[in-house]
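Enquirer: Taken in sequence, the protein lines are chains A and B. Residue numbering for the first sequence follows the numbering used here, starting at 1130 and increasing by one per position. Residue numbering for the second sequence follows the numbering used here, starting at 3 and increasing by one per position. All C-beta atoms in this analysis are idealised placements derived from N, C-alpha and C, irrespective of residue type, glycine included. Shown below is the structure under consideration.
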Amino acid sequence: MPVKRIDKTAMPERNAKQRARDFSEVNEGYRYEHALFEAERCLRCQDPVCVEGCPVRVPIDKFIHRVAARDLAGAAQILRDANPLSSICGRVCPQEMQCEKNCHMGARYRPVAIGHLERFVSDWAQGQPLTTNGQAKKPWRAEKVAIVGSGPSGLVCAGELARLGHPVTVFEALHAPGGVLRYGIPEFRLPNRILDAELDGLRRLGVEFVNNVIIGKTLTLDQLFDEMGYSAVFIGTGAGLPKFMNIPGEGLNGVYSANEFLTRINLMQASSFPHVDTPVEVGKRVAVIGSGNTAMDCVRSSLRMGAEEAMVVYRRSEKEMSARVEEYHHAIEEGVKFLWLNNPVEVMGDDKGWVTGLKCMKMELGAPDDSGRARPVPIKGSEFVIPVDTVVLAIGTTPNPLLTRANKDIRTTKWGGLMVDEGTGETSRRRVYAGGDAVTGAATVILAAGAGKRAATAIHEDLVKEAQPV
Amino acid sequence: MPKVISKQQITPVTRKYVIAAPLIAHSAKPGQFVIVRVREGGERIPLTIADYDAKAGTVTIVVQEVGATTHMLSQIEEGGEILDMLGPLGEPAHIPAGGHTVGVGGGYGAAALTCIMREATARGDKTTLIMGARTKDLLILEDELRRACTNVEVCTDDGSKGFKGFVTERLGQLIEGQGPGRPDRVVAIGPMGMMQAVAEVTRPFDIPTFVSMDPVMVDGTGMCGGCRITVGGEQRFACVDGPMFDGHQVDFAEAVRRRKMYVKEEKLAVTCQRAHEGGE
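So, in structure tokens, the structure goes:
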């Protein structure tokens, strides 16, 4: 327990040496007394600027006050109404860039730990006995809505529409729902049981989940409307297409996209191979290229898969890194090495076609580029080879084009993002809405959740307007 | 869950399954595939759709027992269910029409040519299928394939039936004008080595050659990039850009090598499976 109010209540964490060898969650979560103490730190500003920092405007001040008043049920209700994925956002949101960045406590001391409190309240709520009999609610409206993809935007959109009485079906291409929350974010950051609890909550609201159906292949949008009687469709297909660097050697054995590496480990549970059937090749020395949260997930997963040495290779410097601060700190604690200002130019292999090293060029920072960040400039003649057995590319993803290839009437931007009306999320095709990474390109869970929520409101208004003509 | 309507042993290690999967059957086109998972904790493996019947709501797959997953699949009997089946995936085969279309099928790969050849025949192409196996007992689906094509040329390595020799040798003879004559295009489905050999036979004659790639896949929807292959110097994903590619452009050496990435683990999985079954 902290002794002074100026200290942020530390999140209890598992010992770094121990946790870096298994997939159990790193953060253990606040205990009740932690939460009460931290909630007391809130200054109760008249103008709660933290709320403005939140993409979905969670009434942060109000829920924290409920915690301080020892009314966890009230706090949970506020969170649930504002953000249906709060137990997840409390774990994965970059709070330091959002709500906590605005916190007035942060001006002199450390900001209130809003994320930790959000997580505490949502976890408490998940642990409470059900107030209903567990039976799924029956929708009371006639207009059915189909949700394409079960990632954050789709789940939130589904939940909101179910609350408004619509029959909702979520179609997922994989064999388990959750999208990037299932295949992308590792157990040590977001345990599957948390996701499963959120999914169960949605089922109780009446949301129906159908796995193993890919819209655009198994079923077309036309079929959803004409044959299956859906009145509207929300597309939340995410940004699932991995980028490669197009450098020599990417076809070598032992080179993975972050998507493949994480999918094998998270969705397919490769850490349990051979008890499960999907393996993943993790060598003694692993290099992960990139500096975002996905890169941190890959590099920390490779330690947990038994790598002796795991490193992040990034062409810019620490300052330009895009990962959450907490993930970066956890990675350092766990022994991850960071090679800043190194640009990979070739993956080296042996005569059998397996990776043996990563050839890099040293970089220095030059004038700012279009993104406003210092442009990395190669230093001539600085090539060197890092000996590694496994290379993982975590350099970003783009929207999956499967659905838009099959539906030319849905317009996309040059880089493949779906074009939507900013207010409603409606695409160029009537009654087809979209949100999340499929629209924005790879972004955060909370932004996707916000888009799903906005689209749900727009879909409901659209459908109700038609049902009750004036 | 998709139910196995009928199961037929067609060679000692190859089985044909007709599976009730109405949505997939309704949308399937020749050349596409499905991803199948047969147990909790099981792998996702791609299997080519050999045939489909939209009316009956069934898809047909032909599976050769090669590893842990295909072995588990072999244990599913008629009336049994397949845990997960996703499809149809991949781009349909875009085979130019007219003239003489020749299919070359090696081993169980011949099955995958059933609906492709039938479609080519139906639109008016002269069609020939060259199917090969080591010996006559390993030839598969000959009757079905005869119904789907104008001509069928059977090849066996040991000469126990039809032409004695490899499918590529017979293909060479056709190109020289023998039998049903020179192909205007070739569609080859079978082991990677066979497809590569076919592409080498047709290359000097500039005969367009289509091959169906089956690299290791996880999701089958373009998400993992594990199935990437190099075609004409460019990286392509077999799951969403293929599985059919120009055989003259495919980097087979890389594809063969990547196909073997998990050989060690595949052996371990089979060993564990046997130990487990032995203990029951």
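1) Is T1586 of chain A close to chain B? Criterion is C-beta to C-beta, closer than 8 Å.
2) Given that A1302 of chain A touches chain B, what residues does it touch there, using C-beta distances under 9 Å?
3) My understanding is that T129 of chain B touches T170 of chain B, with C-beta atoms under 8 Å, so please give their C-beta distance in whole angstroms.
4) Could one say the Cβ of G1412 of chain A lies closer than 8 Å to chain B's Cβ atoms, at least one of them?
5) Do V61 of chain B and A27 of chain B have their beta-carbon atoms positioned less than 8 Å apart in this structure?
6) Look at the alpha carbon of R1414 of chain A and the alpha carbon of M1434 of chain A, and state the distance between them as a whole number of angstroms.
7) Do G1313 of chain A and A1567 of chain A count as a contact pair if the criterion is CB distance below 8 Å?
8) Write down the C-beta distance between G89 of chain B and I51 of chain B rounded to the nearest angstrom, noting that I regard them as a contact closer than 8 Å.
9) May I ask you to list, following chain order, the residues of the stretch 52 to 72 of chain B that have a beta carbon less than 9 Å from some beta carbon of chain A?
10) Between the C-alpha atoms of G1335 of chain A and A1584 of chain A, what's the straight-line distance to the nearest angstrom?
11) Between the stretch 20 to 44 of chain B and chain A, which residues of the former have CB atoms less than 7 Å from a CB of the latter, in chain order?
12) Using three-state DSSP, classify E1462 of chain A as helix, strand or coil.
13) How many Å lie between E1475 of chain A and N1375 of chain A at the Cα?
14) Between R1540 of chain A and P1516 of chain A, what straight-line distance do the alpha-carbon atoms span, to the nearest angstrom?
15) Short of 8 Å in beta carbon distance, which residues of its chain neighbour E282 of chain B, apart from the five on each side in sequence? Order them along the chain.
16) Is there at least one Cβ from chain A nearer than 8 Å to A150 of chain B's Cβ?
17) For the stretch 1382 to 1395 of chain A, list every residue whose C-beta sits within 7 Å of some C-beta in chain B, in sequence order.
18) Which ranges does the beta strand (DSSP E) cover as unbroken runs of at least 3 residues, wholly within the stretch 163 to 219 of chain B, from first to last along the chain?
19) Is the separation between the beta-carbon of V65 of chain B and that of Y19 of chain B shorter than 8 Å?
20) Determine, using beta carbons only, whether L1523 of chain A and A1424 of chain A come nearer to each other than 8 Å.
21) Alpha helix (DSSP H) containing V1309 of chain A: first to last residue?
22) Can you name the start and end residues of the alpha helix (DSSP H) that P24 of chain B belongs to?
23) Going by DSSP, which residues form a beta bridge with L91 of chain B?
24) Following the continuous alpha helix (DSSP H) through D1329 of chain A, name the residue where it begins and the one where it ends.
25) Which word fits F247 of chain B, buried or exposed, when buried means at least 16 other C-beta atoms lie within 10 angstroms of its C-beta?
26) Taking N1471 of chain A and Y1443 of chain A to be in contact with their CB atoms under 8 Å, please state how far apart those CB atoms are, rounded to whole angstroms.
27) Along the chain, where does the beta strand (DSSP E) that runs through Q66 of chain B open and close?
28) Spatial neighbours of C1427 of chain A within its chain, please: C-beta separation below 6 Å, excluding the five flanking residues on both sides.
29) Could you pull the start and end residues of the beta strand (DSSP E) that P14 of chain B belongs to?
30) The alpha helix (DSSP H) spanning S1430 of chain A covers which residue range?
31) Using only alpha-carbon positions, find the residue among B:P182, B:G134, B:L173 and B:A150 that is nearest to D159 of chain B.
32) Does the Cβ of D127 of chain B have 16 or more other Cβ atoms within 10 Å, making it buried, or fewer, making it exposed?
33) Measure the alpha-carbon distance for S1511 of chain A versus S1401 of chain A and round it to whole angstroms.
34) Determine, using beta carbons only, whether M1397 of chain A comes closer than 8 Å to chain B.
35) Within the same chain, show all residues whose beta-carbon is closer than 6 Å to that of G1570 of chain A, passing over the 5 residues directly before and after it, in chain order.
36) Thinking C-beta only, is G1278 of chain A closer than 8 Å to A1577 of chain A?
Expert: Taking the definition as stated:
1) no
2) L88, D221, G222, T223 and M225
3) Not quite, the Cβ-Cβ distance comes to about 19 Å (not below 8 Å), so this is no contact.
4) no
5) yes
6) 11 Å
7) no
8) 7 Å
9) G69, A70 and T71
10) 19 Å
11) L25, I26, S29, R39, G43 and G44
12) helix
13) 9 Å
14) 45 Å
15) Bear in mind that the predicted position of E282 of chain B carries a pLDDT of just 48, short of 50, making it unreliable; the figure below should be weighed with that in mind. Once the five neighbours on either side are set aside, E282 of chain B has no close Cβ partner at all.
16) no
17) N1382, S1386, N1388, E1389, T1392 and R1393
18) 187 to 191 and 211 to 214
19) yes
20) Before going further, note that residue 1523 of chain A is Ala rather than Leu in the sequence given. Contact: yes.
21) V1309 to Y1312
22) P24 to S29
23) B:F35
24) N1321 to R1333
25) buried
26) 7 Å
27) T60 to Q66
28) A1387, F1390, V1417, V1521 and A1523
29) Segment: none, P14 of chain B is in no beta strand (DSSP E) and carries neither H nor E.
30) N1422 to R1433
31) B:G134
32) buried
33) 41 Å
34) yes
35) A1368 and G1546
36) no
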